[in-house]
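Engineer: Chains U and D, in that order, give the protein sequences. Its first residue numbered 1, the first sequence is counted upward by one per residue in our numbering. Its first residue numbered 257, the second sequence is counted upward by one per residue in our numbering. C-beta atoms are modelled at their ideal positions from N, C-alpha and C, and glycine is treated no differently. Below you'll find the structure I mean.
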Amino acid sequence: MAPVTQLLEVTGLSKRFRGLRAVDDVSFGMAKGELFGIIGPNGAGKTTLFNLITGTLSPTAGEIRFRGDAITGLKPDAVARRGIVRTFQATTIFRDASVRDNVRRAYLLRTLHQPARLTVYRAELQAADAEAGEILELLELDRVSAQYARELPYGSQKLLGVAMALATRPRLLLMDEPAAGLNPSETRALAALFQRLRGRGIDIVLVEHDVRLVMSVCDRILVLNYGRAIALGRPDEIRTDPQVIEAYLGGADDIA
Amino acid sequence: MRLRNAALVAIVAVAVGWPFVVENRYITHIGVLMAISISTSVSLNMMLRIGQLSIAQAAFMGLGAYTSTLLVMRLGLPFLLAFPASGLLVAAFAAVIGPIFLRVKGVYFVLLTFALGEGIVLVFQEWVSLFGGNNGIHSIPKASLFGMTLVSPRSYYFLALALAAVTFLAAVGIFRSAVGAVLDSLNENEPLSQSLGVNPLSYRVAVFAVAGFFTGLAGSVYAHYTGFLSPDAFTFWSLVDMLVINVIGGIGSPLGPVLGAILLVPLPELLRDVRQYQMLSYGLLLLTAVLFLPSGIVGLLRKLQRRWLP
């Protein structure tokens, strides 16, 4: 394969919790412009791998590079400032703030990432407002922007989490099971959203339980099982990989 | 809005005017203690707002008090320099130890700052040649500002009142600003805030330093006002006073500790005749507040405001 500019490069990444190898010598590279999926059965190490990349956990061994720079062991906020921003599996929002204020706060948290100054300039606040409006429109949350975040239905709360991540202007969006708990029509809307985000030049890593969704939207997929990478390739390659079928034993229907 | 401005004018008029009406040295003395207490309690309130109860605040006041005293007595600095220096020194101290101490949260931070406070007081007690040990330091020179020596309690009242006002306005300003929104976000959901790019530790250290700054300044005013320092003024029990002031006043707003100090500082004096029951009444008051006013006096006022001023 011709070498492509690697956006995210993971080499020999391992995380051990006492005896358990949650992530075991995983390597993969992701190119700019790719929609990359990570799947695997329950307990395969998907979330641990995710937490290693975002800096929530630090690896036992291995290296993570983003745009050529090593980001191994950086704290979550430092990783976010490099441009890798995550969304959470559960809905993680500021419940008692309005939808618009949630997005505005996300912008402020990124802008005022340390207390180097005490004021935010009016122009910046206006920029934050404009940005919030645009993002809410993109995610079709503009009609509920005045509501309290806690009043939104579950699916919209998850979308709000995405909106907040977008407000920090990420280069790479890491989404932890965005489809979990969504109904089929919400899931379809999510797939359409991925395409819109790509149109804006935002790359996505998708950690997902919904294999069907991943197969239909991702360019390449990494399959984990018991912490190890057992397959890496295009959806059609993954679908026919004997090891993957083995890992999803009894769940072959899910893959087809 | 007009009502609010009128109330504000009235409060300022009373705060500034009463020492001219009530010309009683003893009552003015209580006024000075009240104003100093507002500064320290509002500083503690800043820490409570970020969810970190610092037991070392009383010792920080001591650091400010001894710093100002020693700068004036040993180095002959004027009060005008020693006063800001005492605040800056405590702020710098907090900024240096903050990155280590504020890594831990909740009960661990409480215990760590308890040990720190006790350690600082121990240094005051044991380093006799510098801090005068348990005998303390006597005959601390009176503060002088612009060639004018502050002697009367009334002049100290105005100094302490100015400090209390600045501390209060700083706390209100910080928490109403965009920085306040960041602090509230961190308090509400730190993992989420951090995932969006904010560095939580740097904000906690900044608040710790600002709270230390005003506490140090309050210590300086206290030292030059009383003219006498001893380590036992800065122990754990002084911190308990600041904490009770916050809880009874309400920790959700800087106004809470202001009201708490106005109510509680005169209390030991009012209960002087029944001294043996002083701690008991203190305890009963606290119990009542915790049970019936969970958001303190401020919470009660808000409730009344909603009912009577729609």
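Indicate whether A167 of chain U and S98 of chain U have their beta-carbon atoms separated by less than 8 Å.
Structural biologist: no
Engineer: Determine the chain D residues that contact P267 of chain U at a beta-carbon separation under 7 Å, and present them in chain order.
Structural biologist: Since the displayed chain U opens at 1 and closes at 256, residue 267 of chain U lies outside it and no answer follows.
Engineer: For L7 of chain U, does the three-state DSSP call read helix, strand or coil?
Structural biologist: strand
Engineer: So, with DSSP's three-state summary, where would you put A517 of chain D?
Structural biologist: Secondary structure at A517 of chain D: helix, using DSSP grouped into helix, strand and coil.
Engineer: Kindly identify the DSSP beta-bridge partner or partners of F28 of chain U.
Structural biologist: U:V10
Engineer: Quick one: which chain U residues come within Cβ less than 9 Å of V428 of chain D?
Structural biologist: Those do not exist, as V428 of chain D stays about 13 Å from chain U at its closest Cβ, beyond 9 Å.
Engineer: Between the alpha carbons of A191 of chain U and V207 of chain U, how many angstroms are there, rounded?
Structural biologist: Those two C-alpha atoms are separated by around 14 Å.
Engineer: Given a limit of 8 Å on CB to CB distance, which residues of the region 308 to 319 of chain D reach chain U?
Structural biologist: none
Engineer: In angstroms, rounded to a whole number, what distance separates the CA positions of S486 of chain D and V428 of chain D?
Structural biologist: If you take the alpha carbons of S486 of chain D and V428 of chain D, they lie about 32 Å apart.
Engineer: At which residues does the beta strand (DSSP E) containing F36 of chain U begin and terminate?
Structural biologist: 35 to 39 is the extent of the beta strand (DSSP E) around F36 of chain U.
Engineer: Can you grab the Cα-Cα spacing for the pair A263 of chain D / L57 of chain U, in whole Å?
Structural biologist: 53 Å
Engineer: Would L358 of chain D pass as an interface residue toward chain U - the criterion being a Cβ-Cβ separation below 8 Å?
Structural biologist: no
Engineer: Going straight from the alpha carbon of L74 of chain U to that of P340 of chain D, what length do you get?
Structural biologist: 38 Å
Engineer: With a threshold of 7 Å on Cβ separation, who are the neighbours of L267 of chain U within its own chain once the five nearest residues in sequence on each side are excluded?
Structural biologist: This structure leaves residue 267 of chain U out entirely; chain U is present only between 1 and 256.
Engineer: Taking 6 Å as the limit between beta carbons, can you name the residues of its chain near A397 of chain D, skipping five residues before and five after?
Structural biologist: Checking the sequence, you will find Pro at residue 397 of chain D rather than Ala. Contacts found: V328.
Engineer: In this structure, what does DSSP give as the bridge partners for V207 of chain U?
Structural biologist: U:I38, U:D176
Engineer: Quick one, are the C-beta atoms of A314 of chain D and V461 of chain D less than 8 Å apart?
Structural biologist: Going by C-beta atoms, A314 of chain D is not nearer than 8 Å to V461 of chain D.
Engineer: Between the region 443 to 471 of chain D and chain U, which residues of the former have a C-beta closer than 9 Å to a C-beta of the latter?
Structural biologist: E444, N445, P447, L448, S449, Q450, S451, L452, G453, V454, N455, P456, L457, S458, Y459, V461, A462, V463
Engineer: For Y322 of chain D, which residues of its own chain have a beta-carbon under 7 Å away from its beta-carbon, when the five flanking residues on both sides are left out?
Structural biologist: If we look at Y322 of chain D and ignore the five residues flanking it on each side, its Cβ neighbours are F380, F387, L485.
Engineer: In terms of DSSP beta bridges, what is D69 of chain U paired with?
Structural biologist: BP columns for D69 of chain U point to U:F66.
Engineer: Helix, strand or coil for V360 of chain D, going by three-state DSSP, please let me know.
Structural biologist: Reduced to three states, the DSSP call for V360 of chain D is coil.
Engineer: I want to verify the contact list: residues of chain U whose CB lies under 8 Å from the CB of A350 of chain D, in sequence order.
Structural biologist: Those do not exist, as A350 of chain D stays about 13 Å from chain U at its closest Cβ, beyond 8 Å.
Engineer: Mark S185 of chain U as exposed unless 16 or more other C-beta atoms lie within 10 angstroms of its C-beta, in which case mark it buried.
Structural biologist: exposed
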